[in-house]
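Report on the structure given below.
Number of protein chains: 2
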Amino acid sequence: MSRTPAYAGRDGEGRAVEIIDNDELLSIRAAELYYDENKTQDEVGAILKLTRWKVGRLLASAKDKGFIRIEIVHPRARRLTLERSLKERFALSDAIVVPTAGTHDADDLRARAAQGAADYLASLRPVPRTLGISWGRTLHDVAEHLADGWATGVNVVQINGGVSVNQRAGTAAATAFEIARKASGQATLLPSPAILERRETKLSIEADRTVAGVLNMAANASAYLYSAGVAGADSALVESGYLTSSDVDELVRRGAVGDVVGRYIDAAGMIVDPSLNDRTVGMSLDALRSATTSIAVIAGEGKHAVARAVVTSGLCTVLVTDEGTALDLLNPVFPA
Amino acid sequence: MSRTPAYAGRDGEGRAVEIIDNDELLSIRAAELYYDENKTQDEVGAILKLTRWKVGRLLASAKDKGFIRIEIVHPRARRLTLERSLKERFALSDAIVVPTAGTHDADDLRARAAQGAADYLASLRPVPRTLGISWGRTLHDVAEHLADGWATGVNVVQINGGVSVNQRAGTAAATAFEIARKASGQATLLPSPAILERRETKLSIEADRTVAGVLNMAANASAYLYSAGVAGADSALVESGYLTSSDVDELVRRGAVGDVVGRYIDAAGMIVDPSLNDRTVGMSLDALRSATTSIAVIAGEGKHAVARAVVTSGLCTVLVTDEGTALDLLNPVFPA
DNA sequence: TGACTCCGTGCTCATATGAGCAGAAAAGGC
DNA sequence: GCCTTTTCTGCTCATATGAGCACGGAGTCA
Chain A
1113 MSRTPAYAGR
1123 DGEGRAVEII
1133 DNDELLSIRA
1143 AELYYDENKT
1153 QDEVGAILKL
1163 TRWKVGRLLA
1173 SAKDKGFIRI
1183 EIVHPRARRL
1193 TLERSLKERF
1203 ALSDAIVVPT
1213 AGTHDADDLR
1223 ARAAQGAADY
1233 LASLRPVPRT
1243 LGISWGRTLH
1253 DVAEHLADGW
1263 ATGVNVVQIN
1273 GGVSVNQRAG
1283 TAAATAFEIA
1293 RKASGQATLL
1303 PSPAILERRE
1313 TKLSIEADRT
1323 VAGVLNMAAN
1333 ASAYLYSAGV
1343 AGADSALVES
1353 GYLTSSDVDE
1363 LVRRGAVGDV
1373 VGRYIDAAGM
1383 IVDPSLNDRT
1393 VGMSLDALRS
1403 ATTSIAVIAG
1413 EGKHAVARAV
1423 VTSGLCTVLV
1433 TDEGTALDLL
1443 NPVFPA
Chain B
1113 MSRTPAYAGR
1123 DGEGRAVEII
1133 DNDELLSIRA
1143 AELYYDENKT
1153 QDEVGAILKL
1163 TRWKVGRLLA
1173 SAKDKGFIRI
1183 EIVHPRARRL
1193 TLERSLKERF
1203 ALSDAIVVPT
1213 AGTHDADDLR
1223 ARAAQGAADY
1233 LASLRPVPRT
1243 LGISWGRTLH
1253 DVAEHLADGW
1263 ATGVNVVQIN
1273 GGVSVNQRAG
1283 TAAATAFEIA
1293 RKASGQATLL
1303 PSPAILERRE
1313 TKLSIEADRT
1323 VAGVLNMAAN
1333 ASAYLYSAGV
1343 AGADSALVES
1353 GYLTSSDVDE
1363 LVRRGAVGDV
1373 VGRYIDAAGM
1383 IVDPSLNDRT
1393 VGMSLDALRS
1403 ATTSIAVIAG
1413 EGKHAVARAV
1423 VTSGLCTVLV
1433 TDEGTALDLL
1443 NPVFPA
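Which chain is which? The protein sequence lines are A and B, in order.
Using our numbering, the first residue of the first sequence is number 1113, and each one after it goes up by one.
Using our numbering, the first residue of the second sequence is number 1113, and each one after it goes up by one.
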């Protein structure tokens, strides 16, 4: 064939149509006609003066060269491919990844993840008889996004302390109640501060019959749902007054990346400050690690590090997160 | 083997309380499996517990509700749908719209539009014997992006003055030469300043045999290619010293949105300052308007207003632009 | 030069998909 | 409640698409 200037042929409107000797460019033109104009491959062939098989091959090549991007734009869409990669990479039993596209701010993103978690929770089989939960903004969002009647007869139990001292008073309790109510179940609160000042106090409060009962119930829950906080001055534990901003700074200095059920962990998922940990009321991380079903909801730009610590140290069996975090987890920026 | 969580509708009690219509959510799940995981509709049906026909319908609905977005990511891709809309809306004989996606800066975008213009020029049939061109950064880019041998024997002629006073010396001339060289043709320069100080000088230079010859050649060109400038201090006419910054401010005050072949127009495409216009050497806008083929290359955030003036006042028969400008042209923000 | 491989092409054939239709189910009117 | 109207569902059938094969031309090596 001549390597002629590449142009000849006309489309339906009598416009000159290019026939380019460059296969890549041709595949783009074909893709435009096929996808944008939704013509049939045969029609595309007619316009570009190609056989329909050639068109098919061009489209295939355009696809695997990555020129064709198909995006599902919907707040409740998910990224199945990322989910599978996460599952494989971190040996999770499930992963939920919500898309970032179209979110405006961190709240938006958290809401999407919460929705994803709510959907997942509702689809969980067998339906948990008892669900252990932590508290925080994310968990609150999950509770809000759960549909009324998402399950029947699920009892909810708090797995870490924090009642009442919280500035956003009642939030922790409200979260538990709402999740339980929507599943026509009971909520059981853990009537204890999150962190006590002295180890002895912690031990004695744990020995209290009521608290011990709740902790026991928590230990035997059939599934857990929790989020993770970033180690920073805006942490819920600081806002609630359990820790001071400088306490957290010190924890960060010692390697803390965030907290899970009130306990600060480093990048390896290890407790940063054992003595602080000993003053913290609630399920231990080891207990959480041995759970059959533990769902972590961790989304947002700032939470990449905690998310990594959580999944790499086996703290959860199910991760609910956003696209950005998932990508970060899968493409680690190798540390020194 | 992990059991896929049941997304299929609950047979037991279909809750209509859901904010999002159940079918909508289903169609998203279906789309994920179909597009992201590329399963067959039948397989999707099996997973979601639906017949393949239902799946087909869900996908169709997802498509026309706009949840499925197919994007062709390639610098040389085009937006055919926008092109057609532009053609219809402004009675153009052709429109080329290059995608914005993935461009980093204005230069990038201009380069894409230039490439589009180059491609279009090469595809133009009949091949113009004589091509009238203006000059400027955009035109220079077009010249660069033209392929060697884009045509054979095309003579190029400048349609407005500007030789040599330009700071970027020789650019105007170089543009003409390059376009001509790549088509194995001759370039003819218009040996005159763009704007003269006195009308009399302008008249006498136009009367000069050489200049008159070039102008005559320009008037009889078979096609024209030009860009448009924004009315502002960074205008090429200011940079070249033909106008001062305050001259332009005054023009803007009087309604100028930009310049075309050295002549300032308002939003309606009318000459803003007739006396200035009378001192400007080159094709008149009316002459340009009566051309059979005049290709305007106007791209970039700042050029929306000029672009609008150009297309609404019939200055071009073909518009080469970017997606953003095209959208702006099609979705006018109605002025008071 | 001739035999050889390699790659791109156009094909056949199996499969996936969309259009259109008839019956079922649901919604609405009386 | 009963009947009409509308929507929804599962189907048949036509069409669009992808897999795989056989051919042929271009390049390669002896």
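Where a beta carbon is used, it is the ideal one built from N, C-alpha and C, also for glycine.
Under the three-state reduction of DSSP, B:Ala1229 is assigned to helix.
Nearest CB-CB separation between A:Glu1351 and chain B: not below the 7 Å threshold. By DSSP's assignment, B:Val1432 forms a beta bridge with B:Ile1208 and B:Val1409. Look at the stretch 1178 to 1201 of chain A: the residues with a C-beta under 9 Å from a C-beta of chain B are Gly1178, Phe1179, Ile1180, Arg1181, Ile1182, Glu1183, Ile1184, Val1185, His1186, Pro1187, Arg1188, Ala1189, Arg1190, Arg1191, Leu1192, Thr1193, Arg1196 and Lys1199. Distance from the Cα of B:Arg1366 is smallest, within the candidate group B:Ala1348, B:Leu1388, B:Ile1410 and B:Val1350, for B:Leu1388.
Cβ contact annotation for B:Ala1411 (same chain, cutoff 7 Å, sequence separation greater than five): Leu1221, Arg1222, Ala1225, Thr1433, Asp1434 and Thr1437, in chain order.
In terms of beta-carbon proximity, A:Ala1408 stays away from the interface with chain B, with every pair separated by 7 Å or more.
Taking a Cβ-Cβ cut-off of 8 Å, the neighbours of A:Asp1148 in chain B comprise Ile1182, Ile1184, Arg1191, Leu1192 and Thr1193, given in sequence order. Counting along the chain, the unbroken beta strand (DSSP E) around A:Asp1371 starts and ends at Ala1368 to Val1372.
Of the other Cβ atoms in all chains shown, 16 or more fall within 10 Å of the Cβ of B:Leu1427; this residue is therefore buried. Looking at the DSSP output, A:Gln1270 sits in a beta bridge with A:Ile1245. Cα atoms of A:Glu1318 and A:Val1393: separation of roughly 7 Å, rounded to the nearest angstrom. Residue-level contact check: A:Leu1204 does not touch chain B, since none of the beta carbons of chain B fall below 7 Å from its beta carbon. In the three-state reduction of the DSSP assignment, B:Arg1311 falls in the helix class, which pools H, G and I.
Ranked by Cα distance from B:Val1323, the first of B:Val1269, B:Gly1248, B:Asp1219 and B:Glu1144 is B:Val1269. Think of a sphere of 8 Å around the beta carbon of B:Leu1137: the chain A residues whose beta carbon falls inside it are Arg1188, in chain order. Counting along the chain, B:Gly1261 sits inside no alpha helix (DSSP H), nor does DSSP assign it H or E at all.
Non-local beta-carbon contacts of B:Val1373 in its own chain, meaning distances under 8 Å to residues more than five positions away in sequence, involve Ser1246, Ile1271, Asn1272, Tyr1338, Gly1394, Met1395, Leu1397 and Leu1400 in chain order. The alpha-carbon separation between A:Leu1327 and A:Asp1260 amounts to approximately 27 Å.
For A:Ala1143, the neighbours in chain B by C-beta distance under 7 Å run, in chain order, Ile1184. In chain order, Leu1221, Asp1434, Glu1435 and Gly1436 place their CB closer than 8 Å to the CB of A:Thr1212, counting only its own chain and leaving out the 5 sequence neighbours on each side. With a 10 Å radius around the Cβ and a threshold of 16 neighbouring Cβ atoms, A:Asp1154 comes out exposed.
Boundaries for A:Ile1159: no beta strand (DSSP E) harbours it, while the alpha helix (DSSP H) harbouring it runs Gln1153 to Leu1160, taken from the DSSP string. Annotation: Cβ neighbours of B:Ile1140 in chain A (cutoff 7 Å, chain order): Ile1184, His1186, Arg1188 and Ala1189. A:Ala1213 sits in coil when the DSSP states are folded into three classes, being neither helix nor strand. Annotated three-state conformation of A:Arg1401 is helix, per DSSP.
If only complete runs of 3 or more residues are kept, the stretch 1165 to 1201 of chain A shows the beta strand (DSSP E) at 1180 to 1184, in order along the chain. Taking a C-beta distance under 7 Å as the contact criterion, B:Ala1292 and B:Ala1299 qualify as a contact pair. Of all C-beta pairs linking the stretch 1180 to 1195 of chain A to the stretch 1162 to 1181 of chain B, three or more are shorter than 8 Å, placing the two stretches in contact. Remark: fewer than three beta-carbon pairs, one from each stretch, lie closer than 8 Å, so the stretch 1192 to 1204 of chain A and the stretch 1153 to 1170 of chain B are not flagged as touching.
The Cβ atoms of B:Ala1340 and B:Gly1370 sit closer than 7 Å to each other.
With a 10 Å radius around the Cβ and a threshold of 16 neighbouring Cβ atoms, A:Pro1240 comes out buried. For a cut-off of 8 Å, the C-beta gap from A:Gly1265 to A:Ser1296 is around 6 Å, short enough to register as a contact.
Assignment of A:Tyr1146 by DSSP, reduced to helix, strand and coil, places it in the helix class.
Less than 7 Å separates the beta-carbon of B:Leu1192 from that of A:Glu1144.
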